[in-house]
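A.B. asks:
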Amino acid sequence: MKRRTVLKLLGSAPLAMPAWSAAQAQGYPARQVTMMVGSTPGSATDLAARMAAQVMQERFKQSVVVENRAGAGGVICMLAVAASPPDGYVLQLGGLGHNVIPPVTRTGMPLDIPKRIMPIAQAAEFLNVLVVGSRHPANSLQEYIAYQQKTGKPLLYGSNGVGSSSHMTSELFGLRTGLKVQHVPYKGASDALVGVANGDLDLLFMNLPPTLPMIQSGKLKALAVTSGYRARQLPDVPTMQEQGMADFDVTSWLGVYGPAGIPPDIVALLSDTLVKGFDTPEYREKFIAAGFEPRLRNAAEFTAFNQAELKRWGAVARHAGVSIPYGSA
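According to mature numbering (1 follows the signal peptide of the UniProt record, and there is no 0), the stretch in the sequence shown is residues -25 to -1, 1 to 304, in order.
#1: On the CB-based measure, 16 or more other CB atoms within 10 Å of its CB, does N261 come out buried or exposed?
#2: Identify the continuous beta strand (DSSP E) that holds N182 and give its terminal residues.
#3: Do P129 and Q157 come within 8 Å of each other at the CB atom, strictly closer than that value?
#4: Could you tell me the boundaries of the alpha helix (DSSP H) in which L245 lies?
#5: Between the Cα of L68 and those of R81, E100 and G83, spot the shortest distance and give me the residue it belongs to.
#6: Can you tell me whether DSSP reads Y132 as helix, strand or coil?
#7: Starting from the Cα of D87, find the closest Cα among V159, V225 and P234 and give me that residue.
#8: Can you tell me where the beta strand (DSSP E) with V107 in it begins and where it stops?
#9: Does DSSP put K286 in a helix, in a strand, or in coil?
#10: Check each candidate in A47, R25, A45 and W288 and name the one with the smallest Cα separation from S38.
#11: Going by C-alpha to C-alpha distance, which of E284, I190, D222 and V12 sits closest to C52?
#12: Measuring only the C-alpha atoms, how far is A19 from P160?
#13: When you compare each of L249, V107 and Y64 to P4 by their alpha carbons, which one comes out closest?
#14: When burial is assigned at 16 or more other CB atoms within 10 Å of the CB, is P78 buried or exposed?
#15: So for M31, helix, strand or coil by DSSP?
#16: Just how far apart, CA to CA, sit L244 and G163?
#17: Can you grab the Cα-Cα spacing for the pair V200 / L102, in whole Å?
#18: Between the region 134 to 145 and the region 204 to 219, can you find at least three pairs of beta-carbon atoms closer than 8 Å?
#19: Closer than 6 Å by C-beta to N281: which residues in its own chain qualify, once you throw out the five before and the five after it? Chain order, please.
#20: Could you check the C-alpha separation between V297 and A265 for me, to the nearest Å?
#21: Do T126 and F180 count as a contact pair if the criterion is CB distance below 8 Å?
#22: Going by C-alpha to C-alpha distance, which of K196, L54, R6 and A274 sits closest to K251?
#23: Where do the ends of the alpha helix (DSSP H) carrying R259 lie?
#24: With a cut-off of 8 Å on the beta carbons, I'd call L271 and P89 a contact; round off their distance for me.
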């Protein structure tokens, strides 16, 4: 689906929303709410942020603006969120690539993300897809590995930033295949996608939502998806596991966060609002059309899941020897 079609879906008329809990945070929100995003417009995180903003606007009848502050693996955005008053008026749309990967891969961080940023509600998950240029001779994972082994050259792979889920998935691929890999970080997903389409990169593991239009247009060739299940948007593309790479199951995920210390009644209201809003048929359809898989967790469930993911990816980072001084890339 082309990005303009997705944005048209996001901008459709207000939807009928379900009944809400009687437990309300008195007076909230009384003014505009800002949803901050640590990535560029058009990214998976940006698309999800705009859906979250629309849900909140429909429920609260207050303006919710999305503000993009890309850079440093999302840390620039999170510094601004952490410095904001914990009153629910500044929130973050984040996830694996911003709230989990940086604290387990970077040293000398200017803030302790797990302590300064609190989970509120999970919205969705999405897989990464392994893509190559449309003219590449390989048509499967095994063909690609054999081709790269024959060249004997380091494999140039891109990502949408050092320490991103795209970066970590590629490093895991290098470990599992034994291929020599060389990282080429880009500022954002769109630049990395152009890089692999133009042949500047050998391959790219990238989030499905921003990649899907280029696959559908024929500019990129999808060889595999990283999840344990096939993507409903790409039913003919097999998983890494189906092509012989056992236990390779990687998904990214997104949710709403805020500065630590938001009052429990506001957290409960936000969590209830977002989970119920995302669970309507209309929003489930929007998520799927944009390349996501709806995956809802309330504040308590999302907090426990976030902690488990910190442990999981911390172990991967240690195994891969990924330790990046903050500010070095």
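From the three backbone atoms N, C-alpha and C, an ideal C-beta is built for every residue, glycine too.
C.D. replies: According to the structure data:
#1: Here residue 261 turns out to be Lys, not Asn, going by the sequence shown. Flag for K261 reads buried.
#2: L178 to N182
#3: yes
#4: P239 to F253
#5: E100
#6: strand
#7: P234
#8: I92 to G108
#9: helix
#10: R25
#11: V12
#12: 17 Å
#13: Y64
#14: buried
#15: helix
#16: 33 Å
#17: 7 Å
#18: no
#19: P94
#20: 31 Å
#21: no
#22: A274
#23: P256 to A264
#24: L271 to P89, Cβ: 21 Å. No contact.
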